[in-house]
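Colleague:
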Amino acid sequence: MQEALRFLASDAETVDCADFIEQARQVGRGSEAPSCGLSLIIRGLRKSFGDNEVLRGIDLHIPAGQFVAIVGRSGCGKSTLLRLIAGLETIDAGTISFGAETRPEDIRVMFQEPRLLPWARVLSNVEVGLGRDRASSDAQIRAEKALIEVGLDDKRGQWPAVLSGGQKQRVALARALVSRPRVLAFDEPLGALDALTRISMQRLLERVWDDQAFTAILVTHDVSEAIALADRILVIEDGRVAHDVAVDIPRPRERGSADLAALEGSILRQLLKTADNP
Amino acid sequence: MSLIESLPRVRSLRWPRADGLIPWIVPLTIVLIWQIACVTGFVSARVLPAPSDVALAGWKLLLSGELARNIWVSFWRASVGFLIGGSIGFAFGLANGLSQLSSKLTDTTLQMVRNIPHLALIPLVILWFGIDESAKLFLVALGVFFPIYLNTLHGIRTVDPQLIEMGRIYGMTDGELFRRVIFPGALPSIFVGLRFALGIMWLTLIVAETIAASSGLGYMAMQAREFMLIDVVVLSILIYALLGKLADSASRALERLTLSWHPAFQK
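Chains as they are written, first to last, in our numbering: chain A, 1 to 278; chain B, 279 to 545.
#1: So if I threshold CB-CB distances at 7 angstroms, which residues from the segment 172–188 of chain A count as touching chain B?
#2: Please report the straight-line C-alpha distance between residue 84(A) and residue 185(A), rounded to a whole angstrom.
#3: On the CB-based measure, 16 or more other CB atoms within 10 Å of its CB, does residue 444(B) come out buried or exposed?
#4: Looking at the C-beta of residue 113(A), does it have a partner C-beta in chain B at a distance below 8 angstroms?
#5: Hey, could you find the ends of the alpha helix (DSSP H) residue 68(A) is sitting in?
#6: For the putative contact between residue 44(A) and residue 94(A), defined by C-beta atoms under 8 angstroms, what is the C-beta separation to the nearest angstrom?
#7: Using a Cβ-Cβ cut-off of less than 7 angstroms, give me the residues of the segment 102–132 of chain A that come near chain B, in sequence order.
#8: Output, in sequence order along the chain, the residues in the segment 59–83 of chain A whose CB is closer than 8 angstroms to any CB in chain B.
#9: Name the DSSP beta bridge partners of residue 110(A), please?
#10: If you measure from the beta carbon of residue 146(A) to each beta carbon in chain B, is any gap under 8 angstroms?
#11: To the nearest angstrom, report how far apart residue 373(B) and residue 475(B) are at their CA atoms.
#12: Is the shortest distance between the beta-carbon of residue 345(B) and the beta-carbons of chain A less than 8 angstroms?
#13: Touching or not, the segment 164–182 of chain A and the segment 114–129 of chain A, by the rule of three or more beta carbon pairs under 8 angstroms?
#14: Report all residues from its chain with a CB closer than 6 angstroms to the CB of residue 111(A); omit the five preceding and five following residues, and keep chain order.
#15: Are the CB atoms of residue 363(B) and residue 421(B) within a distance shorter than 8 angstroms?
#16: For the segment 137–165 of chain A, which residues have a CB atom closer than 9 angstroms to at least one CB atom of chain B, in sequence order?
#17: On the DSSP bridge assignment, give the partners of residue 49(A) in chain order.
#18: Classify residue 218(A) as helix, strand or coil using the three-state DSSP reduction.
#19: Taking a contact to mean a Cβ-Cβ separation below 8 angstroms, would you say residue 529(B) touches residue 473(B) in this structure?
#20: Where does residue 528(B) fall in DSSP's three states?
#21: Can you tell me where the beta strand (DSSP E) holding residue 94(A) begins and where it ends?
#22: Would you please state the rounded distance, in angstroms, between the beta carbons of residue 346(B) and residue 340(B)? I believe it to be under 8 angstroms.
#23: Using the DSSP secondary-structure output, state which residues sit across from residue 240(A) in a beta bridge.
#24: Tell me the start and end of each unbroken alpha helix (DSSP H) in the segment 456–497 of chain B that is at least 4 residues and wholly inside, in chain order.
#25: Which residues in chain A have a C-beta closer than 7 angstroms to the C-beta of residue 459(B)? List them in chain order.
#26: Evaluate residue 119(A) with the Cβ neighbour count: other Cβ atoms within 10 Å of its Cβ, from every protein chain shown; 16 or more gives buried, anything less gives exposed.
#27: From this set, 140(A), 66(A), 205(A) and 57(A), which residue's C-alpha is nearest residue 150(A)'s C-alpha?
#28: Taking all protein chains shown into account, decide if residue 52(A) is buried (16 or more other Cβ within 10 angstroms of its Cβ) or exposed.
#29: Ordered along the chain, which non-local residues of its own chain (more than five positions away) have a Cβ less than 7 angstroms from that of residue 116(A)?
#30: Check whether chain A comes within 8 angstroms of residue 439(B), counting only Cβ atoms and requiring the distance to be less than that.
#31: Among residues of its own chain, excluding the 5 on either side of residue 152(A), which ones have a beta-carbon nearer than 8 angstroms to its beta-carbon?
#32: With a cut-off of 8 angstroms, does the C-beta of residue 506(B) fall near any C-beta of chain A?
#33: For the segment 442–458 of chain B, which residues have a CB atom closer than 9 angstroms to at least one CB atom of chain A, in sequence order?
#34: Out of 266(A), 231(A) and 40(A), point me to the one whose CA is closest to residue 96(A)'s CA.
#35: By Cβ distance, which residues of its chain are closer than 6 angstroms to residue 315(B), with the 5 residues on each side in sequence left out?
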């Protein structure tokens with residue numbers, strides 16, 4: 001049964017992506033690398049809460065399929081930027097545009113808290129992620145596929161209350177992945193996990209991103225996590241992009257290696273410099 | 279060897295049955311001591327009849343059909359009053375929990391009415407309805423209304439806003455959001471209201487039947503007092519205890535059935 005599902009999973013994946021590449025060719029972007037992700041263009045983005053101006057003009061281009069990490073001190077506006085991208089807040093000024101024909105199911109968010117429905121079993125929690133396709137006949141098969149991807153297919157009939165913190169977060173990841181999003185935004189998704197679980201979750205995130213080629217936007221306060229995962233790191237200070245650093249270290253990245261440590265040191269210095277001179 | 283193998287099986291067979299008996303040890307002991315105290319003359323039969331006498335009185339009333347009729351009348355009043363008051367309370371709780379406008383419009387008024395002890399309305403209710411069925415139903419419904427209303431409202435207001443946001447992100451319609459997030463989230467609190475309401479339901483009914491009725495358990499007890507039938511008085515009180523326990527067990531069973539996801543209800 002599991003073998004069959006695994007086979008189904010890999011099969012449907014290739015079909016999905018092939019479809020998308022076909023579509024991309026028809027629109028005339030055949031020369032681009034095959035990707036299921038969406039590119040993101042942000043222009044002059046501003047947001048205030050009352051008198052407090054949180055974002056003061058963000059201009060950003062994120063190519064399709066890129067893994068971007070957004071770091072910054074608390075209160076710098078990084079979470080607000082993510083919530084605006086995910087459509088959870090209204091924009092005061094400026095624009096955020098994705099590629100053409102973006103459906104709501106194309107953009108998904110994963111939060112620090114798993115936000116699972118405690119009264120729904122693991123499998124139906126994942127089905128929630130299908131959005132309007134919840135009622136379709138293949139909903140259960142798709143949800144099972146997503147659970148296999150995060151390695152929790154044996155927990156499908158459990159209540160969320162009996163899962164560990166890391167397992168809950170993996171169910172939340174499966175729920176976010178089940179609709180095959182083209183942009184996946186993470187708001188400190190591993191912030192509440194212990195150190196070892198964090199590392200295995202980071203590997204899982206990297207693997208699914210590699211498999212599915214969505215555009216990933218990770219908000220985190222943990223610079224080493226950002227460096228381990230991202231292609232590019234944006235440092236936000238006072239509501240603006242202060243630094244835009246490319247991470248050219250080949251994957252898989254070995255945690256604790258000298259390259260990573262050197263880059264981490266330089267980014268931390270940049271963050272601390274402004275902290276010391278307000 | 280075979281003895282050792284069979285040991286754990288014997289244990290697992292015996293324990294569940296013993297577990298079910300434990301809650302009954304205390305009431306049975308009390309009845310036993312009570313019987314002994316009466317038989318030995320330590321307690322006079324005019325103060326408290328022996329359990330055997332109470333059982334005998336019950337048996338006689340059962341044979342005459344009077345007991346079944348009175349229990350049925352009381353049960354009917356309790357459940358119909360509960361259904362009326364409970365559904366109105368639930369409806370107001372939903373409306374005020376989900377709609378700001380409705381809450382602003384009615385909550386203040388309801389809170390004012392809530393602070394009137396509903397049994398204080400008995401004289402007025404007798405003037406309005408006389409002593410027929412509607413008087414009892416009105417009082418029970420009024421008493422049951424508030425615990426259901428308050429706990430439904432509280433349950434809906436305290437549903438985790440992060441879950442509601444999650445539901446909206448994942449494209450749930452208002453109906454789905456209610457069915458899949460808000461209502462299940464409010465359910466534990468609604469059950470608390472339900473159990474409070476069951477207690478108030480019996481209390482109200484007893485008082486109403488003792489003061490103004492021509493049938494029912496409360497009436498049976500008052501009649502028995504007139505004729506100094508102390509065994510029947512005690513019998514009515516015991517039946518109230520039994521019915522109360524029955525209603526509580528029913529609501530607990532319903533709770534276990536619908537809240538099986540809740541850590542508190544998992545084995």
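Glycine included, each C-beta is placed from N, C-alpha and C at the ideal position.
Modeller: Reading from the atomic positions:
#1: none
#2: Reading the first sequence from its first residue, position 84 is the one you call residue 84(A). Reading the first sequence from its first residue, position 185 is the one you call residue 185(A). Residue 84(A) and residue 185(A): Cα-Cα distance of roughly 11 angstroms.
#3: Position 166 of the second sequence, counting from 1, holds the residue named residue 444(B). The residue in question, residue 444(B), is buried, as its Cβ has 16 or more Cβ neighbours within 10 Å.
#4: Taking the first sequence and counting its residues from 1, the one referred to as residue 113(A) is at position 113. Interface residue, yes.
#5: The residue labelled residue 68(A) in the question sits at position 68 within the first sequence. Premise fails: residue 68(A) lies in the beta strand (DSSP E), 67–71, not in any alpha helix (DSSP H).
#6: As a working mapping, residue 44(A) is identified with position 44 in the first sequence. As a working mapping, residue 94(A) is identified with position 94 in the first sequence. Rounded, the Cβ-Cβ distance is 4 angstroms, consistent with contact.
#7: 104, 109, 113, 115, 117, 118, 119, 128, 129, 131 and 132
#8: Cβ contacts with chain B come from no residue of the segment 59–83 of chain A.
#9: Counting from one through the first sequence, the residue named residue 110(A) turns up at place 110. BP columns for residue 110(A) point to 186(A).
#10: Residue 146(A) sits at position 146 when you count from the first residue of the first sequence. For residue 146(A), no Cβ of chain B is located within less than 8 angstroms of the residue's own Cβ.
#11: Translated into positions along the second sequence, residue 373(B) becomes position 95. Translated into positions along the second sequence, residue 475(B) becomes position 197. So the two alpha carbons sit approximately 19 angstroms from each other.
#12: For this step, residue 345(B) is matched to residue 67 along the second sequence. No, because no Cβ of chain A sits closer than 8 angstroms to the Cβ of residue 345(B).
#13: Taking a cut-off of 8 angstroms for Cβ pairs, the segment 164–182 of chain A and the segment 114–129 of chain A touch, as three or more such pairs fall below it.
#14: Start at 1 with the first residue of the first sequence, and residue 111(A) comes out as number 111. Counting only Cβ-Cβ distances below 6 angstroms, and skipping sequence neighbours, we find 187.
#15: Here the question's residue 421(B) lines up with position 143 in the second sequence. Here the question's residue 363(B) lines up with position 85 in the second sequence. Contact flag set, yes.
#16: 159, 160, 161 and 162
#17: On the first sequence, residue 49(A) is found 49 positions in, with the first residue counted as 1. Answer is 52(A), bridged to residue 49(A).
#18: To locate residue 218(A), count along the first sequence from 1; it is residue 218. It is a strand residue.
#19: Mapped onto the second sequence, residue 529(B) falls at position 251. Mapped onto the second sequence, residue 473(B) falls at position 195. Yes, these two residues count as a Cβ contact at 8 angstroms.
#20: By one-based count along the second sequence, residue 528(B) stands at place 250. It is helical.
#21: As a first step, residue 94(A) must be located in the first sequence, where it is residue number 94. From DSSP, the beta strand (DSSP E) with residue 94(A) extends over 93–97.
#22: Numbered from 1 along the second sequence, position 68 holds the residue referred to as residue 346(B). Numbered from 1 along the second sequence, position 62 holds the residue referred to as residue 340(B). Residue 346(B) to residue 340(B), Cβ: 7 angstroms. Contact.
#23: Along the first sequence, one-based indexing puts residue 240(A) at 240. BP columns for residue 240(A) point to 237(A).
#24: 461–489
#25: Position 181 of the second sequence, counted from the start, is the residue given in the question as residue 459(B). Near residue 459(B) (Cβ distances below 7 angstroms), the residues of chain A are 117.
#26: Here the question's residue 119(A) lines up with position 119 in the first sequence. Buried is the call here.
#27: As a working note, residue 150(A) is residue 150 in the first sequence. Per the Cα distances, 205(A).
#28: Numbered from 1 along the first sequence, position 52 holds the residue referred to as residue 52(A). Exposed, since its Cβ has fewer than 16 Cβ neighbours within 10 Å.
#29: Looking up residue 116(A) in the first sequence gives position 116. Within the same chain, residue 116(A) has close Cβ partners 125, 160, 168, 171 and 172.
#30: In the second sequence, residue 439(B) corresponds to position 161, counting from 1. It does not; no Cβ of chain A falls within 8 angstroms.
#31: On the first sequence, position 152 is the one that residue 152(A) refers to. If we look at residue 152(A) and ignore the five residues flanking it on each side, its Cβ neighbours are 122, 167, 170, 171 and 174.
#32: Within the second sequence, numbered from 1, the residue matching residue 506(B) stands at position 228. So, not an interface residue.
#33: 443, 444, 445, 446, 447, 448, 449, 450, 454 and 458
#34: Here the question's residue 96(A) lines up with position 96 in the first sequence. Residue 96(A) has its Cα closest to that of 40(A), out of 266(A), 231(A) and 40(A).
#35: Numbered from 1 along the second sequence, position 37 holds the residue referred to as residue 315(B). So the list reads 321, once near-sequence residues are dropped.
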